[in-house]
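Participant: Dropping the structure in here first, questions after.
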Amino acid sequence: MMVNDPIADLLTRVRNGYMAGLAQVRVPHSQMKFSVSKIMEKAGFAAAITVETNEDGFKDIVITLADQPKNVPLPVLKRMSRPGRRYYVKAQDIRPVHNGHGVGIISTSKGLMSSYEAKHAGLGGEYLCQIY
19 MMVNDPIADL LTRVRNGYMA GLAQVRVPHS QMKFSVSKIM EKAGFAAAIT VETNEDGFKD
79 IVITLADQPK NVPLPVLKRM SRPGRRYYVK AQDIRPVHNG HGVGIISTSK GLMSSYEAKH
139 AGLGGEYLCQ IY
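Each residue of the sequence shown is one higher than the one before, counting from 19 in this note's numbering.
Set out below in structure tokens:
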């Protein structure tokens, strides 16, 4: 299946997995999706990330979703930069996400980083998404 925006597809699959109460979500593998999911894992929005080969011989990223208590709202996964409207930020313009309770993912010249890491490294770039 051809997907025009693979990052939005990843975020939608994770959001739908949380809403359906699934334990894990499978996403077709790409290096960018893998890096985004590793940042999600580091921030605590995913319990584990593994790469498996499916029955067709292609790689899949298996995202084990973090357990959500019943009274806590589901995480918000918001796409910032889209294929039709790119969103770039300078290092000094990076702000905390949701008063420091979330994480932004930025594509910098040094690779994908959380908004906190990019700001402290003095790097700007394309602001891919926010998770809070």
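Beta carbons: idealized from backbone N, C-alpha and C, even for Gly. Predicted, not measured: the structure shown is a model, and the values here were computed from it.
In the DSSP output, which residue or residues are listed as bridge partners for T68?
Facilitator: V80
Participant: Determine the extent of the alpha helix (DSSP H) in which S132 is found, giving its start and end residues.
Facilitator: Not the alpha helix (DSSP H): S132 falls in the beta strand (DSSP E), residues G129 to S132.
Participant: Does L29 come out as helix, strand or coil in the three-state DSSP assignment?
Facilitator: helix
Participant: For R31, count neighbouring C-beta atoms within 10 Å of its own C-beta (all shown protein chains included) and say buried if the count is 16 or more, exposed if not.
Facilitator: buried
Participant: Residues in its own chain within less than 8 Å of D85 by CB, not counting five upstream and five downstream?
Facilitator: A65
Participant: Give me the Cα-Cα distance between N117 and N22, rounded to the nearest whole angstrom.
Facilitator: 32 Å
Participant: Taking C-alpha atoms, which residue in A38, E135, K137 and M50 lies nearest to L170?
Facilitator: The structure shown does not extend to residue 170, since the chain is modelled only from 19 to 150, so the question has no answer here.
Participant: Identify the continuous alpha helix (DSSP H) that holds V115 and give its terminal residues.
Facilitator: V115 -> no alpha helix (DSSP H), and no H or E assigned at all.
Participant: Spatial neighbours of L130 within its chain, please: C-beta separation below 8 Å, excluding the five flanking residues on both sides.
Facilitator: Leaving aside the five residues that flank L130 on each side, the residues in its chain whose CB is nearer than 8 Å to its CB run, in chain order, M50, S53, V54, I57, I123, I124 and L146.
Participant: Hey, D74 and P46 are a contact pair by Cβ (cut 8 Å); roughly how many whole angstroms apart?
Facilitator: The C-beta distance from D74 to P46 rounds to 10 Å, too long to meet the 8 Å contact threshold.
Participant: Could you tell me if G62 is buried or exposed, where buried requires 16 or more neighbouring beta carbons within 10 angstroms of its beta carbon?
Facilitator: exposed
Participant: If you follow the alpha helix (DSSP H) that K88 is in, where does it begin and where does it stop?
Facilitator: Segment: none, K88 is in no alpha helix (DSSP H) and carries neither H nor E.
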